[in-house]
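Q: Note that UniProt numbering gives residue 39 to position 39 of the sequence shown, counting from 1, and the numbers run on in steps of one.
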Amino acid sequence: MLSTRGRRPASVLVEPVARGLLRLGLTPNVVTVAGAVVTCAIAVLLIPQGYLFTAAVASAIFAAFDLIDGTMARLRGGGTRFGATLDATCDRITDGALFAAITWWLIFSYQPHPALIVASFVVLIASQVTSYVKARGEASGFTILGGLIERPERLIIGLLGVGLQGLGVPYAIDVALVLLAVGSVYTIVQRLLTASRNPEALEHIAPPPGAAIR
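(1) How is the alpha helix (DSSP H) around Tyr51 delimited, first residue to last?
(2) Between the beta-carbon of Leu180 and the beta-carbon of Ile156, is there less than 8 Å?
(3) Use the C-beta contact count for Pro209: other C-beta atoms within 10 angstroms, 16 or more gives buried, fewer gives exposed.
(4) Leaving aside the five residues before and after Cys90 along the sequence, list all residues of the same chain whose C-beta is less than 7 Å from its C-beta, in chain order.
(5) Can you check which of these residues, Ile205, Val178, Trp105, Leu159, is closest to Ala63 by C-alpha distance?
(6) For Val129 and Phe142, what's the separation of their Cα atoms in angstroms?
(7) Using 8 Å for Cβ pairs, my map puts Val133 next to Phe99. What's the rounded Cβ distance?
(8) Classify Tyr171 as helix, strand or coil using the three-state DSSP reduction.
(9) Applying the criterion that 16 or more other CB atoms from any shown protein chain within 10 Å of the CB defines a buried residue, is Ile205 buried or exposed?
(10) Between the C-alpha atoms of Ile93 and Cys40, what's the straight-line distance to the nearest angstrom?
(11) Should Pro152 go down as buried or exposed, given a rule of 16 or more other Cβ atoms within 10 Å for buried?
(12) Whether or not the segment 65-73 and the segment 12-26 are in contact is what I'm after, with contact meaning three or more pairs of Cβ atoms, one per stretch, closer than 8 Å; do they touch?
(13) Let me know the beta strand (DSSP E) ranges lying completely inside the segment 181-209, each 3 residues or longer, listed in chain order.
(14) What whole-angstrom Cβ distance do Asp174 and Pro112 have, given they're in contact under 8 Å?
(15) Rounded to the nearest angstrom, what separates Ala56 and Asn29 at their Cα positions?
(16) Grouping DSSP H, G and I as helix and E and B as strand, with all else coil, what is Pro112?
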């Protein structure tokens, strides 16, 4: 939801930063990779050690690079196909690193009910599948917009849970992970239903190379 509605308000803050980085000679792709590397490092180094609030704040700051690189590309006249592919790839890596680090902390430091570990694994997997459904559907020519839990909502809820837990708020991470698990599964089903209702959904596709044709 926020990915389609939140970009315009955020542009007031993001655009000056993007212009400044361009003046320094940086490219959108460099910013994409740098943001992903730093975000992953924050997650895997701080969260397992229990520095939850620090990790949440730092991750939120560097997650903004996901907006900055796209703004830089638009200011340069438009993004490229490779840039979009790189950006999506880095998003999947950083999401995986974040929720893998959370799961690690749960298992070795939090000692939760096993159901919460299951919920964390569901979020880890569903975060990848949610984006894949959209990408695969669009590759098939479908239009799949929106969804209950997209990447912005996933990061906000996840980092809010981590940060509040770090401040001593009981069960903050529990609530966040359960909400994300349920919401992410719902979003996957929501997007699959959107794809199934497309007028071209039942069109036959060519078999993969080397497949036998009967």
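No residue lacks a Cβ here, since even glycine has one placed at the ideal position from N, Cα and C.
A: Quick look at the numbers:
(1) Judged by DSSP secondary structure, Tyr51 falls outside any alpha helix (DSSP H); it is assigned neither H nor E.
(2) At least 8 Å separates the beta-carbon of Leu180 from that of Ile156.
(3) Exposed is the call here.
(4) Excluding positions up to five away in sequence, the list reads Thr32, Val33, Ala36.
(5) If we check each option's Cα against that of Ala63, Leu159 comes out closest.
(6) Straight-line Cα distance between these residues: approximately 17 Å.
(7) Incorrect: roughly 18 Å between the Cβ atoms, too far for contact.
(8) In the structure shown, Tyr171 adopts coil according to DSSP, grouped into three states.
(9) Per the 10 Å Cβ criterion, exposed.
(10) So the two alpha carbons sit approximately 8 Å from each other.
(11) Looking at its Cβ environment, which holds 16 or more other Cβ atoms inside 10 Å, Pro152 is buried.
(12) The segment 12-26, when compared against the segment 65-73, does touch it at the 8 Å Cβ threshold.
(13) Runs of beta strand (DSSP E) with 3 or more residues, each lying fully within the segment 181-209, are absent.
(14) About 7 Å separates the two Cβ atoms, so the contact holds.
(15) Ala56 and Asn29 have their alpha carbons spaced roughly 24 Å apart.
(16) Coil, per DSSP.
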